[in-house]
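Chemist: Residue numbers -28 to -1, 1 to 298, in mature numbering (1 follows the signal peptide of the UniProt record, and there is no 0), belong to the letters of the sequence shown in order.
Just so it is clear, CB atoms sit at the ideal spot from N, CA and C, and this is done for glycine as well.
Encoded as structure tokens, here's the structure I'll be asking about.
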Amino acid sequence: MMKQLSFRLTCTLMLTGALMFAAPSAFADRPWQNAPSPASIISDTPISGAIQGSLTTNSSGKIFLLNTQGALMSVGSDGKVSPLKDSLPALALLTSEQDSLWGITNAPTPELLQISDSGEILQHLPLKTLLDVKSHLSALQVHAGHAFIADEGAPALSVLDLKTGIGHRFLGYDPSVTGRRPFIRAGAPILGPDHLPKTGGNVQMLVLDSKGQWLFYQPPAGPLYRIDTSLLTDPDFSPVEQLDGIVEWRDTPSLGGLVLSSDNHFFMLDVANEALLSFGSDRIPLKLLTDPRFAGSVGITIADAKTLVAAANESDGMHILRIALP
């Protein structure tokens, strides 16, 4: 009898330990469910165009994007856009940290620029050491002295120390940074010239939590992964420890935009099902709004605690959508 009890206790402890340390992906993701109160689109303003993923908001609530020529534009409260400063070089990527904007210039010699919200260049940092011959940089985040960069051309993540200018590449061609699923738009896969489904590309989306501890990243067709930023910024960690630190955080549909709020709430533009999704620390996946305009979405940012701003291609061109949260 005592042996049976001991065996059962041992099994119970082993199971409890396994559950405690299991990654979120070890459990089945809950399906997306309709929110009790839906979001609503409160304005829809046509613009000339926007680069995928370039919408961003600084700490003052000012919204910026890059137009299709790489010009840095400010977005007014009415949704209209205007150039920030004509003398700025063309940019391929854009993000913000506090009151500063950070952008990466176009190839062949991309640089990281720190830019004031009035358009003055405050800092230049070369990126040569982070580039592969096939590199195509696709996303940028900056926090506490480090820039985190996604490369979809030669799939990898990179980190640049903003004080020393020293950078390193990580997770090259790891499955977590490589697109492996068909990209679905409005319920149908996007087909290539060979009439086979396309993946939508490798890693293109990066977001940081409010404390800069966790970096979330994904290819456009998902899933969403998480890694502790210290694994990338602390040279004492080995490549094996970095690989062990990757967690599949949440399965996602094909996305046209991803943003994380200051209270660590994800908002996702689901182009496959034409929906605005949310996902918080409670891990309850909600569908906030369904609208056909989301099928062409190319970016999303948080204007304030109750308002999102999205860029989407519609039948007559690019539009800025302001979305009121419930």
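Measure the CB-CB distance between R294 and S15 and report whether it falls below 9 angstroms.
Modeler: Taking 9 angstroms as the Cβ cut-off, R294 and S15 qualify as a contacting pair.
Chemist: Could you tell me which of D104, E69, L60 and Q95 sits nearest to P80, measuring between CA atoms?
Modeler: Selected option, being the one with the closest Cα: D104.
Chemist: Please identify the residue among G137, A126 and D254 whose C-alpha is closest to the C-alpha of G151.
Modeler: The residue with the shortest Cα to Cα distance from G151 is A126.
Chemist: Could you give the uninterrupted runs of the beta strand (DSSP E) lying entirely in the stretch 166 to 222, keeping only those of 3 residues or more?
Modeler: Those beta strand (DSSP E) runs which fall completely within the stretch 166 to 222 and span 3+ residues are 177 to 180, 186 to 190, 196 to 200 and 219 to 222.
Chemist: Run through the stretch 110 to 159 for me and flag every whole beta strand (DSSP E) of 3 or more residues, listed as ranges in chain order.
Modeler: DSSP runs (the beta strand (DSSP E)) wholly in the stretch 110 to 159: 118 to 123, 128 to 133 and 139 to 142.
Chemist: Cα separation between E213 and L203?
Modeler: In a straight line, the C-alpha of E213 is about 7 angstroms away from that of L203.
Chemist: By the DSSP assignment, the beta strand (DSSP E) with W12 in it spans what residues?
Modeler: Per the sequence shown, the amino acid found at residue 12 is Ser instead of Trp. Start and end: S12 to P18.
Chemist: So, for A296: in the same chain, excluding its five sequence neighbours on each side, which residues have a beta-carbon less than 7 angstroms away from its beta-carbon?
Modeler: Excluding residues within five positions, the ones whose Cβ falls inside 7 angstroms are A11, S12, I14, K278 and T279.
Chemist: Taking all protein chains shown into account, do 16 or more other C-beta atoms lie within 10 angstroms of the C-beta of G194, making it buried, or fewer, making it exposed?
Modeler: That one is buried.
Chemist: Based on DSSP bridge pairs, tell me the residues matched to G271.
Modeler: The partner list for G271 (beta bridge, DSSP) reads A283.
Chemist: Go ahead and pull the three-state DSSP assignment for R294.
Modeler: Strand at R294.
Chemist: Report the CB separation of L132 from L97 in whole angstroms; it is logged as a contact under 8 angstroms.
Modeler: 6 angstroms between Cβ atoms; contact.
Chemist: Please report the distance separating the alpha-carbon of V243 from that of F266.
Modeler: Near 6 angstroms, if we compare the C-alpha coordinates of F266 and V243.
Chemist: Could you please give the first and the last residue of the uninterrupted beta strand (DSSP E) stretch that includes W74?
Modeler: From DSSP, the beta strand (DSSP E) with W74 extends over S72 to T77.
Chemist: Starting from the C-beta of W74, find all residues in its chain whose C-beta is less than 8 angstroms away, skip the five residues before and the five after it, and write them out in chain order.
Modeler: Cβ within range, chain order: L66, T67, S68, L84, L85, Q86, I87, L112, V114 and A119.
Chemist: Could you tell me the distance, in whole angstroms, from the CA atom of G91 to the CA atom of D58?
Modeler: About 9 angstroms.
Chemist: Is it true that the CB of P169 sits closer than 9 angstroms to the CB of F155?
Modeler: The answer is yes: Cβ separation under 9 angstroms.
Chemist: Under 9 angstroms, do N30 and V53 count as touching if we go by C-beta distance?
Modeler: In this structure, V53 does not lie closer than 9 angstroms to N30 by Cβ.
Chemist: Let me make sure I understand the geometry here. Which of G48, F36 and P55 has the alpha-carbon closest to that of D71?
Modeler: Comparing Cα-Cα distances from D71 to each of G48, F36 and P55, the minimum goes to F36.
Chemist: Quick check on this structure: which residue in T171, G117 and I162 has the alpha carbon closest to the alpha carbon of V149?
Modeler: Closest option to V149, Cα to Cα, is T171.
Chemist: Under DSSP, the beta strand (DSSP E) around V47 begins and ends at which residues?
Modeler: Run containing V47: L44 to V47, per the beta strand (DSSP E) assignment.
Chemist: Where do the N-terminal and C-terminal ends of the beta strand (DSSP E) with V243 fall, by residue?
Modeler: It is not in any beta strand (DSSP E) - V243 carries neither H nor E in the DSSP assignment.
Chemist: Where G217 and H108 are concerned, what is the direct C-alpha to C-alpha distance, given to the nearest angstrom?
Modeler: Looking at the two C-alpha atoms, the distance is approximately 25 angstroms.
Chemist: From the DSSP output, which residues share a beta bridge with Q5?
Modeler: Per DSSP, L258.
Chemist: CB M45 to CB A122, shorter than 9 angstroms?
Modeler: No, the Cβ-Cβ distance between M45 and A122 is not below 9 angstroms.
Chemist: Taking only the alpha-carbon atoms, compute the straight-line gap between D223 and S32 and give it to the nearest angstrom.
Modeler: Taking the straight line from one Cα to the other gives about 33 angstroms.
Chemist: Thinking C-beta only, is N245 closer than 9 angstroms to G144?
Modeler: Not closer than 9 angstroms, so no.
Chemist: Grab the span of the beta strand (DSSP E) containing V231 for me, first residue to last.
Modeler: Its beta strand (DSSP E) spans residues L227 to L232.
Chemist: Which of helix, strand or coil does DSSP assign to L56?
Modeler: In this structure, L56 counts as coil in the three-state DSSP scheme.
Chemist: CB F209 to CB L196, shorter than 9 angstroms?
Modeler: No, they are not a contact pair.
Chemist: Between the beta-carbon of W4 and the beta-carbon of L215, is there less than 9 angstroms?
Modeler: Against a cut-off of 9 angstroms, the Cβ pair of L215 and W4 comes out as no contact.
Chemist: Distance, Cα to Cα, L27 vs P207?
Modeler: Looking at the two C-alpha atoms, the distance is approximately 32 angstroms.
Chemist: How big is the Cα-Cα spacing for A247 and N236?
Modeler: Going from the Cα of A247 to the Cα of N236 covers about 20 angstroms.
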